[in-house]
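Chains as they are written, first to last, in this note's numbering: chain A, 749 to 1154; chain B, 749 to 1154.
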């Protein structure tokens, strides 16, 4: 890991050398940034070496990830998810280009396979036998699946309200599943306490500094897949704030390397009932914790654990925060699926709902290129989708009867 | 389409020129094989041209598919799904190599995106505005998604018993969904009648000769991804019989081109309650239609529509038919997920259950390499998965309470 210089606390700015800290700042408990030696990375990685690399997973960027060269990686192929150009929708909205990146195509059907794959690498490097995480669902499924693929045990804490498909997925991977009678925020606190008590490797978002690094791989892909001509705006649903923080980190790494000139404006989209980070961005920058409630379970967070990184991402990129209602999210699921053939879960649809709102408000100029980061497959939560559609026809197997109904 | 010579009926062996028939044999109504000019194909496609082709979708094989060079293809990226090596399982079963190909990674989360993408190409070539199919679920979801991606209308006939996730997926893509009060076999007959009555482009399995061609792309990938060193056996769940027939066609094409020397033994796995094809293979080769009943909805077929191709595939490849119980299928979902991190639906798990049965019976030799074609994501049917797992822990957010339970 000679390319990792150390860590820097995002709250008190104290720097730590590698090995001095495990998860958070030893001085103030703040979340950490991973610091790199970009000169050294430049000697090993270039646009040309990437172009010649046939490994179409996140590990093509391992020179830019906090891992040993010799590290084993889980066998499931993570990343390099497709980006689709949507010219009909772009024309409808009067913008230059609309791109969607379908991260529901990852192994366990969500974006969270990116950080969870890296978590398993770090757990193996640390010699851990058991890995744990708090999750609204997807992060846990991703960790459970990655652990199964390498024969590691996992203990996953989710709120009891997690969608049935996510709970089933956790169980089928053989994780020890702890349904917490409370919110994601409650599950998070219990997971942290249990992890410390039992000595499990802790993946939980924010607390584990490497999750930002796993999440940044989407930004690296966006840049490379678009031939280093990044979009003007990237919209993403925001819960804890780690995904949007990760996108900033990825684009920032590329700017440090001199491979891109600017970071896209990062737009954080939250549900009206779970909007602590957007509210902070739109006011004094201070997060006010409270109860969260939204149909978009993956971004239902009252106490966001990576808010500082998220706010930095939005502000330093010149982005903004947008709030959408649950009804807008539900409608966005159907509209996006019908226009593109991509079926997403509510938290991912939030980014599309945010785009619609920005277009209505004139917040996107006609010469702009916009990318939506779609973070989860719709099969993860079909109850939400069903709210968006009409009842199907139901007939006896008889053409005459069908003809009457059509 | 100069590389397509014509069609040959698999029942009466009559040959038809391109343009003479639309779907089935005009003489006897039998299903058709697509005939190719392999010399001509060889001039355009080689192992070397493929190795240099960066298009990692089924369209890398368009020179081997029944489509115009100029045909537009749906934008969703289909195919080139991962193959994972499972050395721990192989050691456990005492076989040389176990490979799994996860076709749940396709855009709508099943293998059926392959034929449905080609169906949309053929429908567009034919100038159709509306495309229809009968489906137990996955084929319909795939067609609906592909149609949405190109702005085409679809009408999908499924039995009312189709898993909720599949029905939700159909609806969200904006298909006109017809829930048929009956079996898949009933839905099939109604779809055929309605398609003829209304003049819709007909995708239904078996009847449309191009679906075998779309399905063969998995075999082409298996060969290429394994560097043209094909496995000894390929196991696949069988319903109508079109998937296994497609694998035979793909390997057969490659043998005709001289790129592989032998076709893997194709093993068809059916559920005990839906075993018309396996029963035919294991007796006089004649299919006895009847009622079907199994938890594996995707292969719940009493009147298999592509049985002749399936039986040919199994017999000509030196394969066999295997039957597994619903309990074995359910158990296989969990065992596979826990060993590999790949969560599949019941019909896909059937192939793994079939492997277990063959290993128990000594039907696989210790020096053999075996591949399982996993045809659908487990999120398509979580009720089946839940039958395989224990209830999760449920606790209040309190470490002391958790400690008592752990």
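Just so you know, even glycine gets a beta-carbon here, dropped at the ideal spot from N, CA and C.
### Query
What separation, rounded to the nearest whole angstrom, lies between the Cα atoms of residue 754 of chain A and residue 764 of chain A?
6 Å
#### Entry: Beta-carbon neighbours of residue 1130 of chain B, restricted to chain A and to distances below 8 Å
Near residue 1130 of chain B (Cβ distances below 8 Å), the residues of chain A are 912, 913, 916 and 917.
### Task
Count the other C-beta atoms from every protein chain shown that fall within 10 angstroms of the C-beta of residue 792 of chain A, then say buried if there are 16 or more, exposed otherwise.
exposed
### Message
For the structure I just gave you, are there three or more beta carbon pairs, one from the region 953-966 of chain A and one from the region 892-908 of chain A, closer than 8 Å?
### Response
no
### Task
Could you check the C-alpha separation between residue 1074 of chain B and residue 840 of chain B for me, to the nearest Å?
23 Å
### Task
For residue 927 of chain A, return the contacting residues in chain B, with the cut-off set at a CB-CB distance below 7 Å.
1140, 1141 and 1142
### Query
Are the region 909-922 of chain A and the region 936-951 of chain A touching, with three or more C-beta to C-beta distances below 8 Å?
no
### Message
Here's the rule: buried if 16 or more other CB atoms are within 10 angstroms of the residue's CB, otherwise exposed. What is residue 1138 of chain A?
### Response
exposed
### Query
In chain B, what lies closer than 7 Å to residue 881 of chain A by C-beta?
In chain order: nothing, as chain B lies at least about 15 Å away.
### Message
Excluding the 5 residues flanking residue 1035 of chain A on each side, which residues of the same chain have their C-beta closer than 6 Å to its C-beta?
### Response
Cβ neighbours of residue 1035 of chain A within its own chain (closer than 6 Å, five residues either side excluded): 1024, 1028 and 1055.
### Within 9 Å of chain A by C-beta, residues of the region 938-959 of chain B in sequence order
938, 941, 942, 945 and 946
### Task
Starting from the C-beta of residue 930 of chain A, find all residues in its chain whose C-beta is less than 7 Å away, skip the five residues before and the five after it, and write them out in chain order.
907
### Query
So the beta strand (DSSP E) residue 907 of chain A belongs to, where does it begin and stop?
901-907
### Beta-bridge partners of residue 1069 of chain B, as assigned by DSSP
B/1016
### Message
Using only CA atoms, which one of B/914, B/978, B/795 and B/983 lies nearest to residue 1062 of chain B?
### Response
Distance from the Cα of residue 1062 of chain B is smallest, within the candidate group B/914, B/978, B/795 and B/983, for B/983.
### Query
Name the residues in the region 852-886 of chain B whose C-beta lies less than 9 Å from a C-beta of chain A; which are they?
Those residues of the region 852-886 of chain B placed with their C-beta closer than 9 Å to a C-beta in chain A are 852, 853, 854, 855, 856 and 857, ordered along the chain.
### Query
residue 953 of chain A bridges to which residues according to DSSP?
A/956
### Alpha-carbon spacing of residue 824 of chain A relative to residue 1100 of chain B, whole angstroms
18 Å
### Task
Between the Cα of residue 1057 of chain B and those of B/988, B/860 and B/1154, spot the shortest distance and give me the residue it belongs to.
B/988
### Query
What are the partner residues of residue 763 of chain B, as DSSP defines its beta bridges?
B/756
### Task
With a threshold of 16 other CB atoms inside 10 Å of the CB of residue 776 of chain B, please say whether the residue is buried or exposed.
exposed
### Query
Relative to the alpha-carbon of residue 1126 of chain B, which residue among A/857, A/834 and A/942 has its alpha-carbon at the smallest distance?
A/857
### Query
In this structure, does DSSP put residue 1151 of chain B in helix, strand or coil?
Of the three classes helix, strand and coil, the one that applies to residue 1151 of chain B here is helix, per DSSP.
### Within chain A, the residues that residue 1150 of chain B reaches when beta carbons sit closer than 8 Å
Within chain A, the residues near residue 1150 of chain B are 926, 938 and 942.
### Query
Which two residues bound the contiguous alpha helix (DSSP H) that contains residue 875 of chain A?
No alpha helix (DSSP H) contains residue 875 of chain A, which DSSP labels as neither H nor E.
### Query
With residue 949 of chain A and residue 878 of chain A assumed to form a contact (beta carbons below 8 Å), what rounded beta-carbon distance in angstroms separates them?
7 Å
### Message
Mapping the DSSP letters down to three states, classify residue 1092 of chain A as helix, strand or coil.
### Response
strand
### Task
Answer with buried or exposed for residue 829 of chain B, where buried requires no fewer than 16 other C-beta atoms within 10 angstroms of its C-beta.
buried
### Query
Rounded to a whole number of angstroms, what is the C-alpha to C-alpha distance between residue 1155 of chain A and residue 817 of chain A?
Nothing about residue 1155 of chain A can be read from this structure; chain A reaches only from 749 to 1154.
### Message
Give me the residue from A/750, A/1147, A/1081 and A/1108 with the minimum Cα distance to residue 1200 of chain B.
### Response
Residue 1200 of chain B is absent from the model: chain B starts at 749 and stops at 1154.
### Query
Quick one, are the C-beta atoms of residue 780 of chain B and residue 766 of chain B less than 8 Å apart?
no
### Message
By the 9 Å beta-carbon criterion, what residues does the region 1116-1127 of chain A contribute toward chain B?
### Response
1125, 1126 and 1127
### Of the residues A/1112, A/757 and A/819, the one placed nearest residue 873 of chain A, counting alpha carbons only
Here the closest residue by C-alpha is A/819.
#### Entry: Within chain A, the residues that residue 1018 of chain B reaches when beta carbons sit closer than 8 Å
Simply none; closest approach about 23 Å.
### Inter-residue spacing [alpha-carbon to alpha-carbon] between residue 1051 of chain A and residue 813 of chain A
28 Å
### Task
Return the chain-ordered list of same chain residues with a C-beta closer than 7 Å to the C-beta of residue 1150 of chain B, the five sequence neighbours on each side being excluded.
Excluding residues within five positions, the ones whose Cβ falls inside 7 Å are 1143.
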